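>
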Amino acid sequence: MEIFDEIVNYLNYLNENYGGLLYSELFDTAQPNSSTVDTKNEKLIFNNMNDIFAIEEEWGKSRTLKELEQKINTCLKCPLGKTRTKFVFGVGNPNAELMFVGEAPGADEDIQGIPFVGRAGQLLTKTLASLNIRRSEVYICNILKCRPPNNRKPFAAEMDKCKPYLLKQIELVAPKLIVALGATAVEGLFNTTARMAALRGKVLKFQDRPVVITYHPAALLRNPGLENYFRSDLQFALEILNRLTNKGE
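In numbering that gives the first Met the number 0, the protein residues as written are 0 to 248.
1. Alpha carbon to alpha carbon, how far is T192 from T183? Give it in angstroms, no decimals.
2. Going along the chain, which residues of its own chain have a beta-carbon closer than 6 Å to the beta-carbon of K160, five neighbours each way excluded?
3. Can you tell me which of the three DSSP states K204 falls into?
4. Threshold first: 3 residues or longer. Then list the beta strand (DSSP E) segments lying entirely within the stretch 95 to 181, N to C.
5. How many angstroms separate the CA atom of A155 from the CA atom of G187?
6. Let's test the definition: count the other Cβ atoms within 10 Å of the Cβ of L130 and tell me whether it reaches 16, buried, or not, exposed.
7. Could you tell me if D207 is buried or exposed, where buried requires 16 or more neighbouring beta carbons within 10 angstroms of its beta carbon?
8. Do you know how far the Cα of F189 is from the Cα of N141?
9. Would you report the Cα separation of D107 and R83, rounded to the nearest angstrom?
10. Taking only three categories from DSSP, how would you classify P209?
11. Mind checking who G89 pairs with in its DSSP beta bridge?
12. Leaving out the 5 sequence neighbours to the left and right, which residues in its chain are closer than 6 Å to P216 when beta-carbon positions are compared?
13. Using the Cβ count rule (16 or more neighbours within 10 Å means buried), how would you classify R151?
14. Between Y228, K65, C145, which lies nearest to Q111 when the distance is taken from Cα to Cα?
15. Among K162, R194, A179, F229, which residue has its Cα nearest to the Cα of C74?
16. Would you tell me roughly how many angstroms separate the C-alpha atoms of I177 and E66, rounded to the nearest one?
17. Rank S135, L165, F99, A103 by C-alpha distance to the C-alpha of N149 and give the top, closest one.
18. Look at the alpha carbon of L165 and the alpha carbon of P223, and state the distance between them as a whole number of angstroms.
19. Quick one: measure Cβ to Cβ for A218 and L225, integer angstroms, because I've assumed they're closer than 8 Å.
20. For V87, which residues in the same chain have their Cβ closer than 6 Å to its Cβ, ignoring the five residues on either side in sequence?
21. Which residues bound the alpha helix (DSSP H) around G80?
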């Protein structure tokens, strides 16, 4: 029974990563004998789990970014949902040819509910403007939609939980090119922990879309010497985008 096996595997994952407390939260409201297995039809009837999967299926059917945000902005799939101030979905042109993917919201983003509005975001906006790109022309989002405490690096389990939302955003925006900002964004997209020095200047493929990799703007605030590399990488991305656009015409 494939469905039963999938649910068992999912429960094991929850138990390993979040402990038995979540089991209690999921099942305490269940009525006696609320779960049964119909072996004849190989169907698992599990009221609480069905509710969870129904929610996932529902947001997966979203046809616009606005609809998607409305369906996922109360997400509690990982503990960050309980510590966030605001859910930070994404911002910009819903039909952008260029999408930026960062790591996770910071303090300013957590307060405003908008990605890249703090010092790092202002630097990104400034650099784009110097290249004649308005922030409103691109789409900006993060691997995570909720701020990790004290701006720590996202855990792999957190990125795994949030990644389906990002994939849906990419599907809806359908950008021609993605720019991954920082090593953590690369890890979230490609499941690799390769160093930035080995990734810069390369074009990777993610779901048949080219991805240019550069530093996270926050790294430039700590090390201003990286700013020229950052600008060069964005110029490189724009050159690729121009070629893709002209080819499409």
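The beta carbon of each residue, even a glycine, is placed where N, CA and C say it ideally should be. Please read all numbers here as calculations on a predicted model, not as lab measurements.
Straight from the coordinates:
1. 8 Å
2. K76, C77
3. Assigned with DSSP and collapsed to three states, K204 falls in strand.
4. 97 to 101, 138 to 141, 176 to 180
5. 8 Å
6. exposed
7. exposed
8. 14 Å
9. Going by the C-alpha atoms only, they are around 12 Å apart.
10. strand
11. C140
12. Short of 6 Å from the beta carbon of P216, and not among the five residues preceding or following it, lie these beta carbons of its own chain, in chain order: A119, L122, L123.
13. The residue in question, R151, is exposed, as its Cβ has fewer than 16 Cβ neighbours within 10 Å.
14. Ranking the options by Cα distance to Q111, first place goes to C145.
15. K162
16. 22 Å
17. A103
18. 30 Å
19. 6 Å
20. P104, E108, G112, P114, K144
21. 79 to 82
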